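Note that the protein sequences, when read in sequence, are chains A and B.
Quick note on numbering: the UniProt record's numbering labels position 265 of the first sequence as 265, and the sequence is numbered without any gaps.
Quick note on numbering: the UniProt record's numbering labels position 55 of the second sequence as 55, and the sequence is numbered without any gaps.
Backbone N, C-alpha and C fix where the C-beta goes; we use that ideal spot for every residue, glycine too.
Owing to the predicted nature of the structure, the values given are computational and were not obtained by experimental measurement.
Note sheet for the following structure.
2 protein chains.
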Amino acid sequence: MSKTIYIAGLGLIGGSLALAIRKAHPTYRILGYNRPEKSQQIARERGMVNDLTDDFASFAPLADIIILAVPIKQTILFLKELAQLDLKKGVIITDVGSTKQEIVAVAEVCFANREIDFIGGHPMAGSHKSGAIAADVSLFENAYYIFTPTQFTQERALTSLKDLFKGTGARYIEVAADEHDRVTSQISHFPHILATSLMLQTGDYAESHEHTKYFTAGGFRDMTRIAESEPDLWTSILLSNSRAVLDRIEEFKERLDEVAQLIFQKNEPAIWKFFNQGRAMRQAMEIHKKGGVDSFYDLFVEVPDEEDVVLKILELLRGISLVNLHINEENREDSHGVLQLTFKNAQDLATAEVIIKNNTDYHITIT
Amino acid sequence: MSKTIYIAGLGLIGGSLALAIRKAHPTYRILGYNRPEKSQQIARERGMVNDLTDDFASFAPLADIIILAVPIKQTILFLKELAQLDLKKGVIITDVGSTKQEIVAVAEVCFANREIDFIGGHPMAGSHKSGAIAADVSLFENAYYIFTPTQFTQERALTSLKDLFKGTGARYIEVAADEHDRVTSQISHFPHILATSLMLQTGDYAESHEHTKYFTAGGFRDMTRIAESEPDLWTSILLSNSRAVLDRIEEFKERLDEVAQLIFQKNEPAIWKFFNQGRAMRQAMEIHKKGGVDSFYDLFVEVPDEEDVVLKILELLRGISLVNLHINEENREDSHGVLQLTFKNAQDLATAEVIIKNNTDYHITIT
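This is the structure in structure tokens:
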């Protein structure tokens with residue numbers, strides 16, 4: 001049965017969802033809302049939608065499923081606007097916001113006692129890229145797609161959304177909205193505050209200590225990378241998840257006090273334990289394998305330390321798109337290196353694995 | 001004039017310095033001290049030294065220049081041991097420790113009123129690799145090599161060291177020991193505390209919030225990467241630079257209080273400004289270009305979005321060692337991608353640039 005899907009916001013997330021819906025449900029009619037700017041034109045050119053509007057209300061009554069893929073504040077405004085409209089009976093509404101509690105709370109008020117099912121959603125992928133131009137049918141492949149159902153959620157609504165988004169290749173997971181916001185405050189929202197604060201502290205320090213800017217190296221670069229994130233997005237996230245973020249800040253300050261105390265006391269065994277536990281925890285959580293946003297498909301090939309071995313392998317892989325290639329010389333004691341090949345999707349990786357296995361005797365590992 | 005150089009510690013740093021001295025001064029006699037373990041054998045095999053001992057005191061009286069390339073604590077013990085020995089008149093002693101104030105202070109006491117010149121040194125390179133096996137003659141190429149002379153430093157001693165290490169290709173810079181320690185506390189020592197604290201906080205959080213470990217993504221990974229650093233090294237650094245590190249912690253807590261206040265007040269413009277300033281400062285400091293530890297030589301080639309264009313370029317570059325290759329698709333609006341090629345040294349980069357220019361009409365950028 002064909003459905004009409006209405007996607008508000010055809011940027012990176014909305015655009016990628018549109019492409020994934022097209023792929024799995026070619027007969028569905030996809031309507032789009034976007035402000036009349038570049039993304040609209042790109043959405044048209046890339047065939048994301050059957051029809052486009054810049055008047056949000058106009059297409060809403062036509063939809064079986066409405067996806068709000070706009071910033072948090074706009075999502076809340078649209079929810080309130082939808083509450084005033086005469087929507088199809090049984091319409092399902094979802095969003096893609098980075099925080100969930102506030103949006104879910106607003107939706108429950110807006111749609112109370114109406115035959116409208118709202119389920120909060122958060123596809124956990126993103127990119128440093130943005131806009132419809134960056135939309136990619138495989139953006140969410142293997143990423144977590146979080147739903148935050150409540151006691152009011154109808155099972156059939158959740159089933160519909162899972163079917164709708166099956167073309168993303170994402171892994172569905174259900175979490176309560178408040179728990180979602182607490183966990184993301186710890187692993188994402190609060191770390192953004194840390195990165196920006198460290199950057200500001202260092203920038204200020206550099207004004208009175210001229211060598212500061214020369215001595216920064218790889219560690220500092222990595223720790224402050226996310227300080228270059230989009231201020232609009234992160235302001236809205238902090239405002240929408242203030243309680244959890246404030247808890248993380250308080251708790252972190254206590255940790256800083258504790259380690260400061262150890263340093264002040266010159267407590268060598270305790271400082272060593274501090275660093276050693278951090279290392280052990282990170283290794284145990286296998287953080288190094290987590291791309292999340294940037295997760296791709298890696299193949300590791302142990303290659304002999306010979307000239308042009310890389311070229312030889314690329315010749316074998318002719319026609320397969322590589323995202324990245326890295327030569328790791330850590331294990332050169334036995335004069336072997338490790339060649340890391342990164343592919344866009346699982347299929348390319350599988351093909352490459354077979355080709356290398358059939359044409360060389362190199363040892364291959366996949367993580 | 002040939003000199004006798006004594007290097008204590010033939011790990012990554014000492015071994016790389018040995019190779020660089022060999023390169024620039026093939027007639028110098030290089031003696032080495034190392035504990036009788038793996039690195040000794042590798043140092044022999046790689047021809048780093050003319051002779052090796054595992055009794056530190058034995059070779060010290062033979063040396064014109066002594067380089068202590070051992071951990072901070074051991075450096076201090078060796079300085080005290082050297083003070084008891086009958087060294088060559090006019091011997092120059094230097095070290096490679098990550099903190100400088102404590103070591104310089106000990107040396108000044110040890111060598112007061114003796115014809116011994118001590119100059120603190122800190123070659124600002126390192127690697128996730130370690131040991132003699134990872135030693136590399138180009139480890140310090142283009143990196144900063146910091147000297148921390150004092151009022152007692154003889155100009156001829158500094159000149160000798162600069163000549164000795166010229167094969168490293170490093171950029172020399174002179175900074176007071178206390179300023180060195182303050183600046184590195186800001187851009188390196190304190191960030192390590194942040195990374196480890198964030199990792200510990202998150203690890204603890206994961207114990208009571210099961211989704212934590214699934215939701216970590218690229219930002220968290222990068223922010224905690226240095227939490228996997230060597231606990232021994234970082235314990236000794238914190239202990240040796242406790243005052244500056246404690247100042248950074250206190251000041252950072254005040255920053256966290258300020259941003260917490262803004263979040264509590266839901267002060268949207270001020271939060272936006274917080275993020276925007278962090279972004280602006282990072283962009284202004286050009287942090288993204290700073291490899292420091294991992295700095296290599298990058299060539300960016302704008303390539304058409306055609307199949308096997310990467311293979312075509314690698315065929316042109318046959319014989320040149322690549323460290324990394326990355327296909328950046330950010331700029332695909334005009335159906336061009338950017339191929340980032342990373343080389344080990346400036347010469348390979350220059351050769352590659354000429355080859356690509358002569359054989360293609362692709363646009364090339366070097367940063």
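Looking only at 10/A, 365/A, 309/A, the smallest Cα-Cα distance to residue 47/A is reached by 10/A. With distances taken between CA atoms, residue 2/B lies nearest to 24/B out of 19/B, 12/B, 24/B. Contacts between residue 235/A and chain B, judged by CB atoms closer than 7 Å, involve 268, 271, 272, 275 in chain order. By the C-beta criterion, the region 90 to 109 of chain B is judged to be in contact with the region 142 to 158 of chain B, since at least 3 inter-stretch pairs fall below 8 Å. The three-state secondary structure of residue 125/B, taken from DSSP, is coil. For the set 118/B, 172/B, 122/B, the Cα lying nearest the Cα of residue 142/B is the one of 172/B. Residue environment for residue 39/B: buried (at least 16 other C-beta atoms within 10 angstroms of its C-beta). Judged by beta-carbon spacing, residue 356/A lies within the 8 Å limit of residue 301/A, meaning their Cβ atoms are closer than that value. In the structure shown, residue 153/B falls within a coil segment according to DSSP collapsed to helix, strand and coil.
Taking 8 Å as the threshold, the shortest C-beta distance from residue 48/A to chain B does not fall below it. Residue contact with chain A for residue 31/B: absent (no Cβ-Cβ distance below 8 Å to any residue of chain A). Shown here for residue 133/B: same chain residues with a beta carbon closer than 7 Å to its own, the five before and five after excluded, namely 42 in chain order. Taken through DSSP and simplified to helix, strand or coil, residue 302/A comes out as strand. Against chain A, the CB of residue 156/B has no partner CB under 8 Å away; the residue lies outside that interface.
Beta-bridge partners assigned by DSSP to residue 51/B: 31/B. Distances from the alpha-carbon of residue 181/A to those of 165/A, 246/A, 55/A, 70/A put 246/A closest. Within 8 Å of the CB of residue 214/B, the CB atoms of chain A belong to 144, 173, in sequence order along the chain. Shown here, residue 323/A sits in a strand according to DSSP, grouped into three states. With contacts defined as CB atoms closer than 8 Å, residue 227/B and residue 255/A fail to qualify as a contacting pair.
The region 207 to 224 of chain A and the region 238 to 252 of chain A do not touch, with fewer than 3 CB-CB distances between them shorter than 8 Å. Beyond the five residues adjoining it in sequence on each side, residue 162/B comes within less than 6 Å, by CB distance, of 172 in the same chain, given in chain order. Within the region 39 to 72 of chain B, not one residue has a Cβ closer than 8 Å to any Cβ of chain A.
Here residue 144/A has 124, 171, 173 as same chain residues with Cβ atoms under 6 Å from its own Cβ, once five neighbours each way along the sequence are excluded.
DSSP places residue 145/B inside the beta strand (DSSP E), whose first and last residues are 144 to 148. At a cut-off of 8 Å between C-beta atoms, residue 140/B does not count as an interface residue with respect to chain A.
The secondary-structure analysis by DSSP pairs residue 120/A across a beta bridge with 148/A. Three or more beta-carbon pairs drawn from the region 221 to 239 of chain A and the region 262 to 271 of chain B are found closer than 8 Å, and the two stretches are therefore classed as touching. For residue 363/B, the uninterrupted beta strand (DSSP E) run begins and ends at 363 to 366, by DSSP. For residue 115/A, no beta strand (DSSP E) encloses it, and the DSSP letter there is neither H nor E.
Taking 8 Å as the CB threshold, residue 264/B lines the interface with chain A. For residue 203/B, the nearest beta carbon of chain A is closer than 8 Å to its own beta carbon. With respect to chain A, the C-beta atom of residue 299/B has no partner C-beta closer than 8 Å.
Assignment of residue 109/B by DSSP, reduced to helix, strand and coil, places it in the helix class. In this structure residue 80/A is exposed. Its beta-carbon is surrounded by fewer than 16 other beta-carbon atoms within 10 angstroms. With respect to the C-alpha of residue 120/B, the residue from 34/B, 65/B, 139/B, 167/B having the closest C-alpha is 65/B. Taking the beta carbon of residue 199/A as reference, the chain B residues within 9 Å of it are 277, 278, 279, 281, 282, 285, 287, listed in sequence order.
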